[in-house]
Amino acid sequence: KLRYAAIACFVFIPLIWSSEKVKGLRLRAELFQEICHMLTTVKMRLQFDNPTTGELISSLCREERLKRLGFLTACFDSLKGKGDSFHKMWEQAVRTDEMIKKYFPSADVNALVSFGNTLGTTDTACQLEFREKCIGQFEEKRAAAISEKTRLGKMYITLGMAAAFTLLILLI
Numbered sequence: 021k022l023r024y025a026a027i028a029c030f031v032f033i034p035l036i037w038s039s040e041k042v043k044g045l046r047l048r049a050e051l052f053q054e055i056c057h058m059l060t061t062v063k064m065r066l067q068f069d070n071p072t073t074g075e076l077i078s079s080l081c082r083e084e085r086l087k088r089l090g091f092l093t094a095c096f097d098s099l100k101g102k103g104d105s106f107h108k109m110w111e112q113a114v115r116t117d118e119m120i121k122k123y124f125p126s127a128d129v130n131a132l133v134s135f136g137n138t139l140g141t142t143d144t145a146c147q148l149e150f151r152e153k154c155i156g157q158f159e160e161k162r163a164a165a166i167s168e169k170t171r172l173g174k175m176y177i178t179l180g181m182a183a184a185f186t187l188l189i190l191l192i
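Under our numbering, think of the first position of the sequence shown as 21, with each following residue one higher.
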């Protein structure tokens, strides 16, 4: 009985590994989707409402669809404390967000920091132009993440199952 329990443990390890990899790919694609939604919302708010930076971040924090973007809440909470400038708080919130650190390469983190660093620094027309560039950039990254999820997700599942069956055959 102990032998079968050990075999079961060894067989499930590659399956668990592959499912975690697929989960990571899915979460990365979903984060890009939420960031694209956030960028579009910011652009629309700037076009029609022209809110202050604090009002903008507050409204983004209230959106149910953006709840997983923890850096928004962290930045908003820092704004309440009135410590550093908004741009320093934004950068710190983005760079310390666990989901962003785990699923985004540094170039994507830098692009997100750059987005926040321009909020409220220029006239509305320049901000809208920069938002449009950011939306295009993150839409490309979102499409690449979805493609990667589809392509690599199948590969990880296949590898996990093949490794599990190989271990099962070797151990029996």
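Even glycine gets a Cβ: it sits at the ideal position worked out from N, Cα and C.
From a predicted model like this one, the values you see are computed outputs, not experimental measurements.
**OP:** Express the C-alpha separation of Glu168 and Ala49 in angstroms, rounding to a whole number.
**Re:** 9 Å
Original post:
Which term fits Phe106, buried or exposed, when burial requires 16 or more other beta carbons within 10 angstroms of its beta carbon?
Top reply: buried
Original post:
In whole angstroms, what is the alpha-carbon distance linking Glu84 and Leu92?
Top reply: 12 Å
**OP:** Excluding the 5 residues preceding and the 5 following Ile177 in the sequence, name in chain order all residues of the same chain whose CB lies nearer than 7 Å to its CB.
**Re:** Ser38, Val42
Subject >> Close beta carbons around Phe135, own chain, < 6 Å, minus the five adjacent residues each side >> reply: Cys154
**OP:** Identify, in the order they occur along the chain, each residue of the same chain with its Cβ nearer than 7 Å to the Cβ of Leu179, setting aside the five sequence neighbours on each side.
**Re:** Ser38
Subject >> Opening and closing residue of the alpha helix (DSSP H) in which Leu76 lies >> reply: 73-82
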